[in-house]
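First up is the structure itself, then whatever we jot down about it.
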Amino acid sequence: MTYLDKLAAQGLYRPHFESDNCGFGLMAQMDGRASHWLVETAVTALGRMTHRGAIGADGKTGDGCGLLLRKPEHFLRTAAAESGIDLGGEFATGIIFLSQNEELAAQARDRLTHECERRALEVNGWRKVPVDLSACGTEAQRTVPRIEQIFVSATEEMDTAEFNRHLYVARRRTEIALRDNDKDFYVNSLSADVILYKGLVMPEYLATFYTDLENETLVSSIAVFHQRFSTNTLPQWRLAQPFRYLAHNGEINTIQGNRNWANARATKLRSPVLPELNELLPLVSQSGSDSMSLDNMLELLLAGGIDIFRSMRMLMPPAWQNTWELDSDLRAFLEYNSMHMEPWDGPAGVVLSDGRYASCVLDRNGLRPARYVISKDRHITLASEVGVYDYLPSEITHKGRLKPGEMLAVDTQSGRLLLPQDISDLLKHRQPYAKWLQKNARHLRSRLRDIEHSTPPMEDEQLATYQKMFNVSFEERDQVIRVLAEGSQEAIGSMGDDTPFPVMS
Numbered sequence: 007m008t009y010l011d012k013l014a015a016q017g018l019y020r021p022h023f024e025s026d027n028c029g030f031g032l033m034a035q036m037d038g039r040a041s042h043w044l045v046e047t048a049v050t051a052l053g054r055m056t057h058r059g060a061i062g063a064d065g066k067t068g069d070g071c072g073l074l075l076r077k078p079e080h081f082l083r084t085a086a087a088e089s090g091i092d093l094g095g096e097f098a099t100g101i102i103f104l105s106q107n108e109e110l111a112a113q114a115r116d117r118l119t120h121e122c123e124r125r126a127l128e129v130n131g132w133r134k135v136p137v138d139l140s141a142c143g144t145e146a147q148r149t150v151p152r153i154e155q156i157f158v159s160a161t162e163e164m165d166t167a168e169f170n171r172h173l174y175v176a177r178r179r180t181e182i183a184l185r186d187n188d189k190d191f192y193v194n195s196l197s198a199d200v201i202l203y204k205g206l207v208m209p210e211y212l213a214t215f216y217t218d219l220e221n222e223t224l225v226s227s228i229a230v231f232h233q234r235f236s237t238n239t240l241p242q243w244r245l246a247q248p249f250r251y252l253a254h255n256g257e258i259n260t261i262q263g264n265r266n267w268a269n270a271r272a273t274k275l276r277s278p279v280l281p282e283l284n285e286l287l288p289l290v291s292q293s294g295s296d297s298m299s300l301d302n303m304l305e306l307l308l309a310g311g312i313d314i315f316r317s318m319r320m321l322m323p324p325a326w327q328n329t330w331e332l333d334s335d336l337r338a339f340l341e342y343n344s345m346h347m348e349p350w351d352g353p354a355g356v357v358l359s360d361g362r363y364a365s366c367v368l369d370r371n372g373l374r375p376a377r378y379v380i381s382k383d384r385h386i387t388l389a390s391e392v393g394v395y396d397y398l399p400s401e402i403t404h405k406g407r408l409k410p411g412e413m414l415a416v417d418t419q420s421g422r423l424l425l426p427q428d429i430s431d432l433l434k435h436r437q438p439y440a441k442w443l444q445k446n447a448r449h450l451r452s453r454l455r456d457i458e459h460s461t462p463p464m465e466d467e468q469l470a471t472y473q474k475m476f477n478v479s480f481e482e483r484d485q486v487i488r489v490l491a492e493g494s495q496e497a498i499g500s501m502g503d504d505t506p507f508p509v510m511s
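Residues 7 to 511, numbered by the numbering used here, are exactly what the sequence shown covers, in order.
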């Protein structure tokens, strides 16, 4: 039984309370030129968001931080060779958290190796990730897992997308097999495109803890970084961010409904490239944080063959139902997707990368800041705040921010910056969504709208009696019930602040 399991059994802690409120960002060289400078600068930027996370009583244990990088191939081949591992042509790597119990760790290695081999993948070997435990506080050291790295090679016939799908299935089968007996096993990343370093350390000590990050041959053209501030939760190594694709600032306030719907439709999901999908249930974590569940769903959509832009638009659409000036083709695209996926509503901001694209999305509430600058050397930096690293104003060619419901992306393969309108244009013209809706959509009409099915109105005296019995106040009638009846939705409001501005101080 883990420490959190004991808390759940003895106290008020519940896993579904897990949520986050954090600082996030990304850096990318828009032409795909990798450098160690970008990795160093991302670590610096992460350190400048320390105030967005929490610090334990020991002064060194944080809520967690991390760095998601495009796979540094030369560095990884060198590190593998130094560990006596011979890699093939196309390879993937993963950072794995294992139990400190050697027997459980060996079982986890064997199981993951077995599941990879079932998918015709070759496990080249395991490397012990070099770490410096002096960078951890006492609380982090008490729960630190064994951290190892797996190297896996694909067959010559596999393309990268197929390779990643095999890795996804192998990982999920391993997690399902070990979930009852090994609570420490966790796969940070297992991908042919990206690698993830994260943990319960302060941002300034991340590169000290993971000494790989100080190696100048470790280069990348993309870095997604995150400083966690856990709300209503306890820090855990596995809940540090980024996750396998994304880092998230905010809270998914619809998370219980999203998880329930993911479970409800799980057996109906079909993909020709994932025929064994029903063997991988549950598809979305029920016990991790809201951010972890969101990452699970994104990972599933990508593995099923949906591209990164449509996946995020399914998960976090802009406000469109009552925006009548919206382009008709874009409206049709969003309406079509709304029939397949409920929005994961925040307030939330997300930065993500699949190794080619670096992207940021704000949900339709738009209550999380995301500002970006582009420099003359074509580096884009987007973060929760400006000033995450030092630059001269003369070096900046463009500044901007994301608005509610917008999505921005950089294609490091083509060097193109995709603005929100570019992404919308790309998505809405892919399929004849308007024709599909016109031909196939069926809108159900409730018979309860008919007069004969409605409840007859009460007499005034009887209504007043019931209102007193149920303590219905004037405020509830006017600001809650009336709004529900008139607009078919809950009222929007805030507590407000009437404190006068201290203009004379």
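Note that CB positions come from ideal geometry on N, CA and C, so glycine has one too.
Extent of the continuous beta strand (DSSP E) to which residue i belongs
| i | result |
| --- | --- |
| R407 | I402 to R407 |
| N130 | E128 to K134 |
| V416 | M413 to D417 |
For residue i, the three-state DSSP class (helix, strand or coil)
| i | result |
| --- | --- |
| T214 | helix |
| H232 | strand |
| K445 | helix |
| E96 | coil |
| Q468 | helix |
| I498 | coil |
| R422 | strand |
| K77 | coil |
| K204 | strand |
| W35 | Before going further, note that residue 35 is Gln rather than Trp in the sequence given. Q35: strand per DSSP, three-state reduction. |
| T505 | coil |
| L358 | strand |
| V150 | coil |
| I156 | strand |
| L118 | helix |
| E298 | Note that residue 298 is Met in the sequence shown here, rather than Glu. It is helical. |
| I258 | coil |
| F339 | helix |
| G517 | Here the chain comprises residues numbered 7 to 511, so residue 517 is not present and cannot be evaluated. |
| F480 | helix |
Selected residue, minimal CA-CA separation from residue i, among the options
| i | options | result |
| --- | --- | --- |
| K66 | E412, S140, A497 and F157 | S140 |
| W267 | D301, E348, R234 and S317 | E348 |
| E128 | Q437, A389, P438 and L173 | L173 |
| R133 | F315, V175, R407 and S89 | S89 |
| D383 | E391, T223 and G421 | G421 |
| A325 | V416, N371, L202 and A272 | N371 |
| T161 | R152, V137 and N130 | N130 |
| L414 | V356, G72, I498 and S334 | V356 |
| H254 | V279, A309 and W350 | W350 |
| G310 | I91, P410, L283 and Y342 | L283 |
| E220 | Y439, A497 and V137 | V137 |
Residue burial classification, residue i (beta-carbon count within 10 angstroms, cutoff 16)
| i | result |
| --- | --- |
| P508 | exposed |
| D504 | exposed |
| K77 | buried |
| S479 | exposed |
| R276 | exposed |
| Q242 | buried |
| Q485 | exposed |
| R488 | exposed |
| H435 | exposed |
| A85 | buried |
| S494 | exposed |
Distance, residue j Cα to residue i Cα
| i | j | result |
| --- | --- | --- |
| C28 | R58 | 6 Å |
| W43 | V225 | 8 Å |
| T166 | F157 | 15 Å |
| M475 | A270 | 38 Å |
| I386 | S452 | 50 Å |
| A34 | P209 | 19 Å |
| I312 | Q113 | 34 Å |
| R39 | E123 | 34 Å |
| E257 | C366 | 16 Å |
| A60 | R148 | 18 Å |
| P399 | E391 | 16 Å |
| L82 | L110 | 26 Å |
| D26 | L373 | Note that D26 has pLDDT 46, beneath the 50 cutoff, so the model's placement of it is unreliable and the number below is only indicative. Cα to Cα, D26 sits roughly 14 Å from L373. |
| L240 | W442 | 47 Å |
| N187 | R179 | 14 Å |
| E24 | P463 | Because the pLDDT at E24 is just 48, under 50, the model does not fix this residue reliably, and the value given afterwards should be weighed accordingly. For E24 and P463, the distance between alpha carbons rounds to 44 Å. |
| D190 | S293 | 14 Å |
| L469 | T461 | 13 Å |
For residue i, the first and last residue of its enclosing alpha helix (DSSP H)
| i | result |
| --- | --- |
| V489 | R488 to G493 |
| M318 | I314 to L321 |
| F191 | It is not in any alpha helix (DSSP H) - F191 carries neither H nor E in the DSSP assignment. |
Closer than 8 Å to chain C by CB, residue i
| i | result |
| --- | --- |
| Q468 | The structure shown contains no chain C, having only a single protein chain. |
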